Structure formats: structure tokens, C-alpha cells
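Chemist: Quick note: the sequence shown, position 43, residue 30 per our numbering, numbers continuous. Yeah, the Cβ is synthetic: ideal placement off N, Cα and C, and Gly gets one too. What you are looking at is a predicted structure, and each value in this text was computed from that prediction instead of being measured. My structure is below; once you've seen it, I'll send some questions.
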Amino acid sequence: MVLQLRISGIHHDVLQQHLLTEDGKEAMAVALCGRFQQEGLSILTVHDITLIPHNECYTREWDQLCWPTERIIPYFEKVSKSNFAILKIHSHPGGYDQFSDVDDRSDHEFFDSVFGWSGNNHPHASAVMLPRGKIFGRFFFEDLHHEPINKISIASDVLHQYHNGAVTGIDEFALRTVQTFGEKTYSALKAMTVGVVGCSGTGSPVIEQLMRLGVGKLVVIDPDTVEFKNLNRILYTTVEDAKGSIPKIKVVKRTASITGLGTKVSGFQNNLYDDLKVLQALIPCDAIFGCMDSVDGRYLLNQLCSFYLIPYFDLGVKLEADGLGGITKICATVHFLQPGKSSLLTRNVYSIEDVRAAGQYRRNPQQYEELKKEAYIKNVNVDNPAVISVNMQIASHAINEFLNRVHPYKSDPPETYAASTIDMTEGYIVNGSEKDFKEDAYLRRKIGRGDMIPFLEMPELS
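Pasting the structure below:
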């Protein structure tokens, strides 16, 4: 079984400040975690943290720690009544990168108690934070045997991933990527699973670049088939594809197979709201690109990424027409959304009324198509006039933002690029920092919530 732990940047910062102290002594925190379980995969997502005050510890030295558990009794009670997990995390300020004998005895005693409270036999976890914030850990199972965590992900301004066993080997086609961003970055990309929702205008060039960069696996989702009007912007589509109404995801799979660069592709010809399995296929992703213009779809992805701690890149293109057959404005925006901070809703990309209206229109296909047109281009009664040059520019910008968070390379820190708007008509780029936007109070409370009924607190999905 593949075992993973996910932590938001917000919680990682809190843990780092508490666990790594100037006195050089160990410190302790306990987290309540949500879960995602599927065959062969178990993910814990940090939902809430209780810091054990240093002055309450019975013993606190550079190599050992003894602490009271009274503060986390509410966690035990929640574990007994729900599907939550408990993560015990302490520090090794001296940098010792293994569990010590003292850790072994402490964990065995602690998780024996946890399973006594637990209402099921699902695993819990123990982890250690090293200087500079690196984390390693292990899952504990009901019989108290433990297994190492395969991957620990931090969804912050920078996308940190710590693997138990590095991905090795450089493919010859990737030498230029390594030359530009380094072997570590290429190894990170090779180990990643990336979701792309929407395989048309912006999605197609996003997929192409991810594949050429050597991303290990893609999960692509698009309900539609190729039409003649798509041929001006979907890479590698043919007239025969349009004649045969070939599914767009089939084109992506065919391209990956013919290209032969090693990226594995799994695809779903579904709308996000059609089948819960489609959303569950996105949860294992290390990052998600939203390449669609539907308000309710973007809202749903923002919810999913918050509940399961997935970094989310949202791409939007807007064209305004003069009503006479011409275009007066072309602009596009890339939003990077990290769990627990601002959302597309609080950034005023849409309103909750727009979300409700889109949901109503989705249930009426004819009216929904009209809404999509109106959301995409204003003041003109024609189909979406997307063209490859516009879409490729915004797709490239999004990929470069993604790379800047895997391997920061810009002169300004990544947090200053929470949103980037490209005005192609006026010829300028405006960047927005995360602190320029309002926190989404609802999603802040739901970070790392994981599996629950109803799914994402949305009865429609259950």
C-alpha cells in the first residue's frame, strides 16, 4: 500500500515555529487528520493541530520528550465517533533522520491507546520534523506494526515533497529541463501525478507541456468529443477526429502513446458532477490545473483541493467583443490557490449566486450552453472564439508558475504570484499577492477534512 501524508502551508508554518525552537530541545504537537482511502492508497490530510506547550512537558531534552495527553482528549473522542486519524509529530532539532529507540517505545505506547479509542481499524501516523522543516514519518496499524510514509506533501507557496526513496534516472529527452531547473526538479516532476480538468483550449497545451517536462502521470477529464470548431486550438487533433467525434481524452492518450516519453495517462469522459469516481480519481494528484470556463466546475475543484490539500492552478480566458464582429479586449488570468487561504469566490472571480445559477443551468443543457457563451465572451452572439495563440500563451504562463513553485527561480518570492493577469490588448501583466485577497473563512475551516458524508458537504455529489 502507498502511504501519504499531506499538510497545508498554514499548518506547516505553525508546526515549524513550535517544533524548532532556539533552545535546541524536542517539542511536540498532535494533529487531527482527514482521510482518503482507495485500493492500494491511504492518504492522511492534516485538518487541525494542537500544540503541546513546552512548559507542560514532564521531560524535554534535545533527545527525549515526555508530555501529557489531556489536551488531545477531544481528538480521541472524535476518532472514536468518526473516520478521523491522529498524527503525532515531534522534532529532532539535532537533525537525526531516523526514529530512535525512545521514539519506538513512545509511539508503541501512544498508538496502543489511540487504537483503544478508535472506532475502526484504519491507520494513524507518527512523524518527525527536522531542521528547515523537512518531515519523515510512518503509519501505525491496528496490530501496532508500522510502515514508512512514501510521500509527504506540503501545499504551500512552494510545493515541497519528501519521498521515502528518491526517483532516480534522467531520460535523455529531459536533459534541457535538468539543465534549466536542475536534477532535483526533474525528479520531483517525474514522481508527480497531475490532474488536468478540461482538455480543450488551455488544457491541451497545458497537457503537452507537462508531458514534455516529464511529469510521471496525468489524470485528464473532459466530457466532450472533438468538433471541427476545436481543430484551431487542440493539439494533434485531425479532421478525421472531428468527423468521428473522437473523445478529447482519447486524443490525449493517443498523443502520449505515440510520443512515447513515458508519461502515463488515465482519462475520464465525464463532467465533474456526473460520477463521484471522477472526483476520487483527482484526489491522489499532487497538483490540479482547472482549464474550463464553467463557474460550478471551478467552484467544485476549489472545494475538492481544500478538503484534500491539493495545490490548484485555475486558468481563465476572457474576450470582450464590440458587437460588430470585432474584439475589444483579450485578457487571461492564472490563479494559484493553496488550501486555507483565499478562494476563487473571495477573489471575486464569481459570486455564490453565479455558482447557484450555473448549477441550475447545468441541469438544463440548452440554457447551460447559453450561459457558457455569456461567461466566456460578452456582447456578441457567436460561439467561443478561442484561438491557439491566446490559449498557448496563458497555458505557458500557468506552467511557468507551476515550475516556480516546484523550483523557485523568479527574483520575487512565489507568494507574490498568487494571481497573474495578462492583458494581451494593452500588453501588460499584473500580479497579485496572496495578502491582496481575502481568506475564505468557510474553506479555512475545511482544510484537510478529507472523506465525509455528504462528499465535500455537497448533497448533490452523494
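Could you say which of T37, M279, P192 lies nearest to V184 if we only look at CA atoms?
Modeler: Looking at the Cα atoms, M279 is the closest of the given residues.
Chemist: Across which residues does DSSP place C272 in a beta bridge pair?
Modeler: Bridge partners of C272: none, in fact.
Chemist: Does the stretch 36 to 49 come into contact with the stretch 115 to 127, if we say contact requires no fewer than three beta-carbon pairs (one atom in each stretch) closer than 8 Å?
Modeler: They do not touch, by the three-pair rule.
Chemist: May I have the straight-line CA-CA distance separating S405 from N257, to the nearest angstrom?
Modeler: A small correction: the amino acid at residue 405 is Ala; Ser does not occupy that position in the sequence shown. Using only the alpha carbons, I get a separation of about 29 Å.
Chemist: Beta-carbon within less than 6 Å of H147's beta-carbon, same chain only, minus the 5 sequence neighbours each way: which residues are those?
Modeler: These residues qualify, in order along the chain: I141.
Chemist: Name the DSSP bridge partner or partners of F123?
Modeler: Note: F123 sits in a beta bridge opposite V115.
Chemist: Using the three-state DSSP reduction, which class does G247 fall into: helix, strand or coil?
Modeler: Of the three classes helix, strand and coil, the one that applies to G247 here is coil, per DSSP.
Chemist: To which residues of the same chain is E402 closer than 7 Å at the C-beta, ignoring the five residues directly before and after it?
Modeler: Closer than 7 Å at the Cβ level, and outside the excluded window around E402, lie D144, S420, E421.
Chemist: Within 10 Å of its beta-carbon, does L176 have 16 or more other beta-carbons around it, so buried, or fewer, so exposed?
Modeler: Result: buried.
Chemist: Taking I136 as the reference, give the member of S113, S253, Y348 with the closest Cα.
Modeler: Of the candidates S113, S253, Y348, the one whose C-alpha sits nearest the C-alpha of I136 is S113.
Chemist: Would you list the one or two residues that DSSP bridges to L6?
Modeler: Note: L6 sits in no beta bridge, so no partner.
Chemist: Pick out whichever of N351, D273, R220 has its Cα sitting closest to the Cα of Y149.
Modeler: The residue with the shortest Cα to Cα distance from Y149 is D273.
Chemist: Opposite H150 in the DSSP bridges: which residues?
Modeler: Looking at the DSSP assignment, H150 forms a beta bridge with K138.
Chemist: What does a CB cutoff of less than 7 Å around I339 pick up in its chain, not counting 5 residues either side in sequence?
Modeler: Excluding residues within five positions, the ones whose Cβ falls inside 7 Å are L332.
Chemist: Where does H(-2) land, buried or exposed, given buried means 16+ other C-beta within 10 angstroms?
Modeler: So H(-2) ends up on the buried side.
Chemist: Near Y469, what residues of its chain come up, given a Cβ to Cβ distance below 7 Å and the 5 sequence neighbours on each side ignored?
Modeler: Outside the displayed range of the chain (-12 to 449) lies residue 469, so it cannot be described from this structure.
Chemist: Here's the rule I'm using: 16 or more other beta-carbon atoms within 10 Å means buried, otherwise exposed. How should N391 be labelled?
Modeler: Buried.
Chemist: What number of angstroms, rounded off, separates the C-alpha of V(-11) from the C-alpha of L266?
Modeler: Straight-line Cα distance between these residues: approximately 19 Å.
Chemist: Quick one: is E195 buried, meaning 16 or more other Cβ sit within 10 Å of its Cβ, or exposed?
Modeler: E195 should be labelled buried.
Chemist: Tell me whether Q267 sits in a helix, a strand or coil according to DSSP, three-state version.
Modeler: Of the three classes helix, strand and coil, the one that applies to Q267 here is helix, per DSSP.
Chemist: Ordered along the chain, which non-local residues of its own chain (more than five positions away) have a Cβ less than 6 Å from that of E129?
Modeler: So the list reads F102, N108, once near-sequence residues are dropped.
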